[in-house]
Amino acid sequence: MPKNKKPAGGRAAKNFEPRYAAKTSYQDRKRRPGESSAGKAGSKSPNHRGYRAEQAESAPKRRWSAQEKAGRDEARAIRSQDRARRDDRGRYEDRPRRDDRARYEDRPRRDDRPRQDERRYEDRARRDDRPRRDERPRYEDRPRRDDRGRYEDRPRRDDRPRQDERRYEDRARRDDRPRRDERPRYEDRPRRDDRGRYEDRARRDERPRRDDRPRRGDGPSRADWTAKPGATRAHDEHVDVVHERLQARAIQADEVSGTTFADLGLGQNIVRTLADMGAETPFPIQAATVGPILDGADVLARGRTGSGKTIAFGAPLVESILRAQAGKKREFGRAPRALILAPTRELALQIDRTIQPIARSVGLFTTQIYGGVPQARQVGALKKGVDIVIGTPGRIEDLHEQGKLDLSEIRVAVLDEADHMCELGFLEPVQRILRLTEDGSQKLLFSATLDREVAALVDEFLVEPAVYEVAGEDQDSGTIDHRVLVIDHRQKPDILTSLVDREGKTLVFARTRAYAEMLSEQFEDAGVPALALHGDLNQAKRTRNLEKLTSGKVRVLVATDVAARGIHVDDIDLVVQADAPDEYKTYLHRSGRTGRAGRAGTVVTLVTRQRRRRMAELLDRAEIDAPFEDAAVGDDVLEELSGRQVDPTAG
DNA sequence: AAAAAAC
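One rule links them: number in the numbering used here = place in the first sequence (from 1) + 15.
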């Protein structure tokens with residue numbers, strides 16, 4: 016394949032230069048240890064091979080000590096290893112041809128120059144011809160570090176706002192920047208007043224309070240949880256902060272039934288590709304958001320897990336970019352026009368798998384930009400030019416800082432799992448990235464759990480955003496059967512093994528990487544093939560293990576919350592939470608790995624007696640009804656949940 | 001507190 020040859024040739028060509036440069040290090044070999052490190056303060060400990068007594072610094076030239084010889088031999092050994100390694104790089108064929116070199120006869124005669132190993136120190140340029148060692152500025156006399164521009168004296172950082180401290184208020188005023196009017200105005204759309212506008216959302220106090228609704232048990236009220244956002248309990252326990260829900264314009268499912276993707280404004284090629292992917296007619300969330308996105312509005316959308324959010328933003332995004340590019344040539348090395356940010360690499364990869372075919376159907380290119388894999392391919396794609404970048408914040412910032420990713424022409428930016436992207440650790444990189452996009456770029460925020468947590472981004476980046484959701488589509492109305500097993504802690508391993516020993520695909524969630532790893536090994540040992548998915552694995556393994564679950568080569572995957580959000584595997588029919596989640600949102604996302612696109616699924620959460628109440632509170636916040644039942648090893652409930660036949664004669 | 005996210 017010429018494709019393979021090209022990079023190889025390129026590498027060889029590149030190596031050509033450094034090999035000549037390598038001569039320098041060959042010359043280095045003539046140096047003796049004493050000189051090469053002249054002036055440097057040797058090791059202070061007498062037993063160290065680099066040890067040089069203080070007075071050696073100024074002492075007259077003398078013979079090599081045994082110690083120095085040993086040091087020299089060792090240095091030689093290291094250098095010859097280096098040489099061997101060098102040889103591994105440049106291929107023999109690529110090295111300078113023999114004919115290019117001076118012919119043997121023409122080279123200095125053997126006798127004219129000492130052989131490498133015979134060359135003696137004395138044969139080198141005479142001391143007198145060179146600056147004498149003692150005449151050279153001594154290390155001590157060289158400009159002191161302190162004499163150079165001191166860090167403190169350099170232009171103060173404080174003179175300009177630090178990147179992460181730069182506040183929205185300090186930025187160019189909106190009015191000073193290109194007007195948003197260049198985009199199709201959202202106002203021109205019909206039914207504008209029907210929208211739940213962000214600004215108009217019902218104020219907290221005006222809405223029915225959550226505690227007015229039927230509650231399970233007597234846990235702290237929602238008001239208690241939200242009264243002081245971020246407040247901590249007496250001990251260092253994590254607090255499941257419940258953010259105010261955004262009021263949305265609820266799309267009635269029947270309101271959009273009968274609508275087609277074409278009706279929504281998508282072009283023929285895209286519609287056909289969607290159909291090929293199995294999306295014949297739009298899901299409600301898609302019917303709700305495609306129009307506004309095509310109109311250029313900033314959109315917040317909440318759609319139940321597995322409700323088709325990726326297409327809801329992906330298809331109109333491709334259509335928008337296509338329209339904006341209309342009539343323009345596809346330039347080599349063009350800057351990307353759309354950016355999709357995701358919280359995990361797996362999710363970024365998966366989004367690309369959905370969007371790439373849609374984009375390609377109209378001649379647009381996508382690329383994944385995420386960490387854990389070599390940059391070269393990603394940079395190569397960017398050099399050729401892509402239209403849509405899909406990735407995770409770290410690598411995107413990295414490539415931007417390296418000048419390899421130009422974000423200045425991004426006109427549509429999407430945050431998938433937007434509320435998660437607003438959490439500690441994600442928010443700031445996301446803000447920095449969004450600030451790099453084109454002024455007035457369209458922002459789309461999607462999540463199954465979209466709440467006021469995204470306020471930090473909404474207030475800075477979104478203009479008159481509308482919130483959409485599908486009426487009656489909260490998590491509890493879905494196709495998922497929620498169960499809580501109250502167990503004895505000591506039986507947990509056996510109960511887990513019993514649950515996962517089944518036919519269907521099972522996703523097990525563990526709180527830590529170590530426990531996820533441990534559980535997968537435990538299942539293996541018990542004869543249930545299982546793999547792990549967590550951040551301690553290299554990306555190749557992560558990708559492979561998830562793929563093995565998708566393809567069915569393994570039916571049990573034990574994961575940390577890296578797999579909690581967005582990951583779509585068609586037919587996971589059981590989710591087991593080996594550790595109960597800390598946050599109601601985590602519960603919703605984890606459980607959303609099953610019951611995708613209307614399928615049935617079961618979520619089993621294991622809790623100990625002590626955690627019972629906390630779990631009840633969490634489920635209350637998640638607005639999920641789940642029966643609690645005691646379970647022990649061998650109980651029928653384990654058989655039932657795992658889908659194994661319960662023996663009717665067993666009583 | 002853990003997990004994720006860059007080399």
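Backbone N, C-alpha and C fix where the C-beta goes; we use that ideal spot for every residue, glycine too.
In this text, all values refer to a predicted model and were calculated from it rather than measured experimentally.
- When the beta-carbon positions are compared, Ser462 and Ala433 come within less than 8 Å of each other.
- Within the same chain, Cβ atoms closer than 8 Å to the Cβ of Thr275 are found at Val286, Thr296 and Pro297, the five residues on either side in sequence being excluded.
- Along the length of the stretch 406-454, whole alpha helix (DSSP H) runs at least 4 residues long occupy 408-416, 433-436 and 442-451, reported in chain order.
- Assignment of Phe524 by DSSP, reduced to helix, strand and coil, places it in the strand class.
- Pro299 and Phe328 have their alpha carbons spaced roughly 13 Å apart.
- Of all alpha-carbon atoms in Glu518, Val523 and Ala339, the one lying nearest the alpha-carbon of Lys507 is that of Val523.
- The beta-carbon distance between Leu442 and Ala396, rounded to whole angstroms, is 28 Å. This is too long to meet the 8 Å contact definition.
- Annotation: the continuous alpha helix (DSSP H) that includes Asp367 extends over Arg360 to Arg375.
- Taking the C-beta atoms as reference points, Ala579 is found no nearer than 8 Å to His549.
- Phe476 sits in a helix when the DSSP states are folded into three classes.
- When C-beta atoms of the stretch 382-392 are compared with those of the stretch 403-410, three or more pairs fall below 8 Å, so the two segments count as touching.
- With 16 or more other CB atoms across the displayed protein chains lying within 10 angstroms of its CB, Asp313 is buried.
- Restricting attention to beta strand (DSSP E) runs no shorter than 3 residues, the stretch 516-560 encloses them at 520-524 and 545-548, ordered along the chain.
- Rounded to the nearest whole angstrom, the C-alpha separation of Arg319 and Arg517 is 27 Å.
- Counting other Cβ atoms within 10 Å of its Cβ, Ser272 stays below 16 and is therefore classed as exposed.
- Between Ala637 and the set Ser606, Glu654, Phe643 and Arg626, the nearest pair of CA atoms involves Ser606.
- Contact between Val577 and Thr325 is absent: CB atoms are separated by about 18 Å, not below the 8 Å threshold.
- Judged by beta-carbon spacing, Leu332 lies within the 8 Å limit of Val429, meaning their Cβ atoms are closer than that value.
- The Cβ atoms of Arg608 and Ile582 sit closer than 8 Å to each other.
- Counting along the chain, no beta strand (DSSP E) covers Asp255, and no H or E run does either.
- By the neighbour-count criterion, in which 16 or more other beta carbons inside 10 Å mark a residue as buried, Arg570 falls on the buried side.
- DSSP places His583 in the coil class of the three-state scheme, outside both helix and strand.
- Rounded to the nearest angstrom, the gap between the Cα atoms of His497 and Val401 is 43 Å.
- For the 8 Å CB-CB criterion, Glu532 and Ala547 form a contact.
- Counting only runs of 3+ residues, the beta strand (DSSP E) found wholly inside the stretch 580-659 occupies 587-592, 616-623 and 643-645, in chain order.
- For Glu334, the secondary structure class from DSSP, reduced to helix, strand or coil, is helix.
- Around the C-beta of His604, 16 or more other C-beta atoms lie within 10 Å, and the residue is accordingly described as buried.
- In this structure, Leu414 sits away from Thr452, with a CB-CB distance that is not shorter than 8 Å.
- If you look at Arg392, you'll find it in the alpha helix (DSSP H) that goes Ala391 to Lys399.
- Per DSSP, Asp269 is one residue of the alpha helix (DSSP H) stretching across Ala268 to Val271.
- In the structure shown, Thr288 falls within a helical segment according to DSSP collapsed to helix, strand and coil.
- Ile425 sits close to Pro351, with the two beta carbons spaced by under 8 Å.
- Beta-bridge pairing by DSSP links Lys343 to no other residue.
- Looking at the DSSP output, Leu315 sits in a beta bridge with Leu460 and Val482.
- Annotation for Gly306: Leu279 place their beta carbon closer than 6 Å to its own, counting only its chain and skipping 5 residues before and after.
- Contact between Pro372 and Thr304 does not hold, since the beta-carbon distance rounds to 20 Å and is not under 8 Å.
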